[in-house]
Amino acid sequence: MEILPAIDLKDGKAVRLTKGLMESAKIYSDEPWQLAKTFEEMGSKWLHLVDLNGAFAGEPKNLEQIEKIRKNCNLKMELGGGIRDEETIRRYIDLGIDRLILGSIAVKDPAFVKAMAAKYPIAVGIDAIDGYVAVEGWAEVSRMKATDLARAFADCGVEAIICTDVGRDGTLSGVNVDFTVSIAEASGIDTIASGGVKDLGDIEALHATGKVAGVIVGKAFYEGTLDLRKAFERVREAAGR
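Each residue of the sequence shown is one higher than the one before, starting from 2 at the first, in the working numbering.
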């Protein structure tokens, strides 16, 4: 199981939101690239990046910082937020992003996502409120169940599903293990948990299921409730490497 530290970008700064509300943004760094270097030094292999402004605008809004992060670390990077067309995907691939996350468009145009997954490294972001898919930067809730959306992308080349329980995101209230496992079982695709991670207990609970491919860590690191270096060590020990 991989641990993916997260950097959420708003107006060029690294922030964290609570339950996806932009007005709740708390700034943690004016130089996000320095955070990426810190994660790399701690032993991370991946970085989870979100362009929050882009998620609401439907187009890239933090390109300068994304470029700076890419140039200053050797981590594999996945990126989401405002990716709605193939031109944007190609732009990020050319920039050196390893995997693109398609969220809102996965609900509105699943055929597009499947076509892109056949050509590029794509993850589907499934964000849910009370089990139903949230879209447009979590500003709207659709009528589609998260598990149904996950099932729709089985066997189409999607590399991973990133599932977020919006109600827990940024709350440090504990990750929703059952929700994550339900997405993994519905899709048969590597599933990455997100939302509510508080401490090492959450990491261990997810790992113990044997069904979760990764977990995104955000506020738990920034607020100091999770020793990220120790979490990397624990996962490596469990994997026998």
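Just so it is clear, CB atoms sit at the ideal spot from N, CA and C, and this is done for glycine as well.
Could you spell out the range, first to last residue, of the alpha helix (DSSP H) harbouring E88? 87-96
Should the region 78-87 be called in touch with the region 52-69, which here means at least 3 C-beta pairs below 8 Å? yes
Report back the beta-carbon spacing between I4 and V216 to the nearest angstrom; my notes put them in contact at under 8 Å. 6 Å
What did DSSP end up calling V108 once you bin it into helix, strand or coil? helix
Can you tell me which of E160, G168, D156, K120 puts its alpha carbon nearest to the alpha carbon of V142? G168
With a threshold of 8 Å, are at least 3 pairs of Cβ atoms found where one atom belongs to the region 191-205 and the other to the region 213-230? yes
Bridge partners - P6, DSSP secondary structure assignment: V218
Let me know the secondary structure DSSP gives A161 once reduced to three states. strand
Let me confirm a value: K11 is counted as buried when at least 16 other C-beta atoms fall within 10 Å, else exposed. Which label applies? buried
For Y223, three-class secondary structure by DSSP: helix
Nearest neighbour of V236, chosen from M43, G13, G225 [CA to CA]: M43
Through-space distance from D166 to I130, alpha-carbon basis: 6 Å
Please look up how many angstroms separate the CB atoms of I70 and P122, rounded, as I've assumed it's under 8 Å. About 18 Å; that fails the 8 Å criterion.
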